[in-house]
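This note's numbering puts the sequence shown at residues 35 to 519. Step one of this worksheet: look at the structure below.
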Amino acid sequence: MSARQSYEPVIGVEIHVQLATATKMFCGCELSFGDPANTHTCPVCLGHPGALPVTNARAVELAILAGHALGCTIAPRSTFHRKNYFYPDLPKAYQISQYDEPVCLGGEFVALTPGGELRVGITRAHLEEDAAKLVHAGPGGRRAGAESSIVDFNRGGTPLLEIVTEPDLHSAEDAVTFFKQLRLTLRQLGVSDCNMEEGSMRADANVSVRPVGSQELGVKTELKNMNSFRFLERAMEAEIDRQIAILEGGGKVTQDTLHYDPDSGTLHPLRSKEEAHDYRYLPEPDLVPVVPDPAWVDRLRAALPELPVDRRRRWMAELGITFEDAEVLSESAELATYFEDLAARVDPKAAANWVRGELRAQLRERDEEPWESRATPERLAGLLELLDARTINVPAAKEVLAELIERGGDAVAIVEAKGLGQITDESELDELVARLIADNPEQAQQLRDGKEKVLGFFVGQAMKATEGRADPKRVGELVRDRAGV
Ligand SMILES: [Zn+2]
35 MSARQSYEPV IGVEIHVQLA TATKMFCGCE LSFGDPANTH TCPVCLGHPG ALPVTNARAV
95 ELAILAGHAL GCTIAPRSTF HRKNYFYPDL PKAYQISQYD EPVCLGGEFV ALTPGGELRV
155 GITRAHLEED AAKLVHAGPG GRRAGAESSI VDFNRGGTPL LEIVTEPDLH SAEDAVTFFK
215 QLRLTLRQLG VSDCNMEEGS MRADANVSVR PVGSQELGVK TELKNMNSFR FLERAMEAEI
275 DRQIAILEGG GKVTQDTLHY DPDSGTLHPL RSKEEAHDYR YLPEPDLVPV VPDPAWVDRL
335 RAALPELPVD RRRRWMAELG ITFEDAEVLS ESAELATYFE DLAARVDPKA AANWVRGELR
395 AQLRERDEEP WESRATPERL AGLLELLDAR TINVPAAKEV LAELIERGGD AVAIVEAKGL
455 GQITDESELD ELVARLIADN PEQAQQLRDG KEKVLGFFVG QAMKATEGRA DPKRVGELVR
515 DRAGV
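What follows is the structure, given as structure tokens:
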């Protein structure tokens, strides 16, 4: 048994998502990404003395929505605290955050995996404001080696929801699966756009390892601010390996905060926990507690749409489609709706194959999405019915699809206009096959000798002779009959 197999990783994650509000958490400044620096500021988010914050009701609403989706209890009363520390991106020298009374408590998120379910306990989710953005001037654009650093306050005061999980994850792969499905859920609920490149979703991971079978938790380290699934997975893998190597060498893991360097694939300590700040949390005196009307909380729960994980589970159970198909087809709410509409009209498995395969392939070249396309579910269903009835074959169906995408219209009319209907006259096909065998005695003999590949030659010849209007499967059968195989 390798060292890796004798240890069990234990992982919990903290996820920050930027809430999809129009304005900031405690002021009316507009939220926008990429605008000129310091164009969305006011005395509140610049921390001028005496400026008074007001909680953004929409941010509370989105937090409650997320809480419902995570199976959390929505606190009847939650409060804000001041988290004190000094840093140039924090003009008040404190961040307003929820501390001991968060808005959402104790839930569970269920993710689907090819092998079953992945259940992850949710400890809490709380509201807070983001810091401003430091821009490091000089070569490299990083803090180290910068000639100077300047501050863009546009991001300062952005509403964030921090979701904290229990240490229920036991591999980097599972953590990424959880993370991806949580992201899909929050996006489809409109809680956040979860755009990792723009920093609207960031993850920290707490990682420890313990001998397999042990129930005690090992010393954990914290991996900070990973902003892509790939880095997240690699950083966790690297940290699991690093901790196992320390323990196997008789050493002890120290409780560090680590930064992952994607270029070198290594982890560097940021600061030791012993030196960590005492944030001196103080109750925020300028904000009233959040006490949501219970009827409003119930209304939000009742209005919750079907969650992606529930939709996937239902499709697999009721429509008989595979996990992989369900995963791809539920990537967005629009695609899911398109597929459901089609699957209600034709065989769901055929619907899944065509949407995932040919439809998306043809649309990709035009940079179009299925739900925006002229090939509506109704029109595509018409096409798949012709295919199912063997009125047309697969190559012809692809041609009809191209026409539907280009001009819309009706599959039956397109087949007629283009003369794409399959030859249904059995005797016509039989005659053709007899002729092909007579004309190609050598190949016919090879087929009788067991060279299965030669069958393709005859089918190809038949398709050529009929300009693609023969049913290749039926031709194959006839060739076997005629050749006496
Ligand atoms: Zn402001």
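The beta-carbon is built from N, C-alpha and C at its ideal position, and this holds for glycine as well.
Where DSSP assigns a beta bridge to residue i, which residues make up the other side?
i, result
"ILE184", "VAL169"
"LYS117", "GLN129"
"ILE294", "Per the sequence shown, residue 294 should be read as Tyr rather than Ile. Partner(s): LEU301."
"LEU203", "ILE45"
"GLU64", "THR57"
"PHE143", "VAL154"
"ASN240", "GLY46, GLU256"
"VAL324", "SER112"
"GLU163", "PRO193"
"PRO83", "Looking at the DSSP assignment, PRO83 forms no beta bridge with any residue, so it has no partner."
"MET235", "VAL51"
"THR107", "LEU139"
"VAL198", "GLU48, ARG158"
"PRO475", "Answer by DSSP bridge pairing: none, since PRO475 is not bridged."
"LEU316", "ARG116"
"PRO245", "TYR41"
In terms of alpha-carbon separation, which member of the options lies closest to residue i?
i, options, result
"ALA37", "THR300, GLY490, VAL243, ASN387", "VAL243"
"GLU267", "SER248, ASP238, GLN289, GLN249", "ASP238"
"ASP422", "GLU402, SER407, GLY455, ASP401", "GLY455"
"LEU146", "PRO404, SER112, VAL362, ASP444", "VAL362"
"ASP464", "VAL513, GLU440, GLY416, CYS79", "VAL513"
"GLU162", "ARG176, ILE184, THR89, ARG111", "THR89"
"LEU139", "ALA100, ARG508, GLN480", "ALA100"
"GLU318", "GLU48, GLY416, PRO87", "PRO87"
"LYS507", "GLU437, GLU42, GLY46, ILE426", "ILE426"
"ALA85", "LYS452, ASP320, VAL509, THR500", "ASP320"
"LEU96", "LEU195, LEU417, CYS63", "LEU195"
"VAL144", "ASP327, LEU203, VAL287, GLN477", "LEU203"
"ALA269", "GLN129, ASP381, THR291", "THR291"
"ALA367", "LEU435, VAL449, ALA378, ARG345", "ARG345"
"GLU412", "LYS432, ARG424, VAL428, GLY443", "GLY443"
From the beta carbon of residue i, is the nearest beta carbon of chain B less than 8 Å away?
i, result
"LYS167", "Among the protein chains of the structure shown there is no chain B, as only one such chain exists."
Run the proximity test for residue i: is its beta-carbon closer than 7 Å to any non-hydrogen atom belonging to ligand 3?
i, result
"LYS214", "As far as ligands go, the structure on display features ligand 1 and does not contain ligand 3."
Next on the checklist: Give the residues whose C-beta lies closer than 5 Å to at least one heavy atom of ligand 1, in chain order.
Outcome noted: CYS61, CYS63, CYS76, VAL78, CYS79
Next on the checklist: Does the contact criterion of 3 or more C-beta pairs under 8 Å hold for the region 69-76 versus the region 104-123?
Outcome noted: In short, these stretches do not touch, since the Cβ pair count stays below three.
Item to check | Stretch pair the region 270-281 + the region 246-261: three plus CB contacts closer than 8 Å | outcome: yes
Next on the checklist: Does the contact criterion of 3 or more C-beta pairs under 8 Å hold for the region 149-161 versus the region 196-208?
Outcome noted: yes
Item to check | the region 101-114 touching the region 154-164, judged by at least three CB pairs closer than 8 Å | outcome: yes
Checklist entry - At a cut of 8 Å, does the region 183-203 reach the region 55-70 through at least three beta carbon pairs? => result yes
Item to check | Stretch pair the region 217-237 + the region 245-252: three plus CB contacts closer than 8 Å | outcome: no
Checklist entry - Would you call the region 224-237 and the region 345-352 in contact, with 3 or more CB pairs under 8 Å? => result no
Checklist entry - Can you find at least 3 beta carbon pairs, one from the region 365-381 and one from the region 404-411, that sit closer than 8 Å? => result Using a C-beta cut-off of 8 Å, the region 365-381 makes contact with the region 404-411, since at least three inter-stretch Cβ pairs fall below that distance.
Checklist entry - Should the region 492-501 be regarded as contacting the region 459-476, the criterion being three or more beta carbon pairs within less than 8 Å? => result yes
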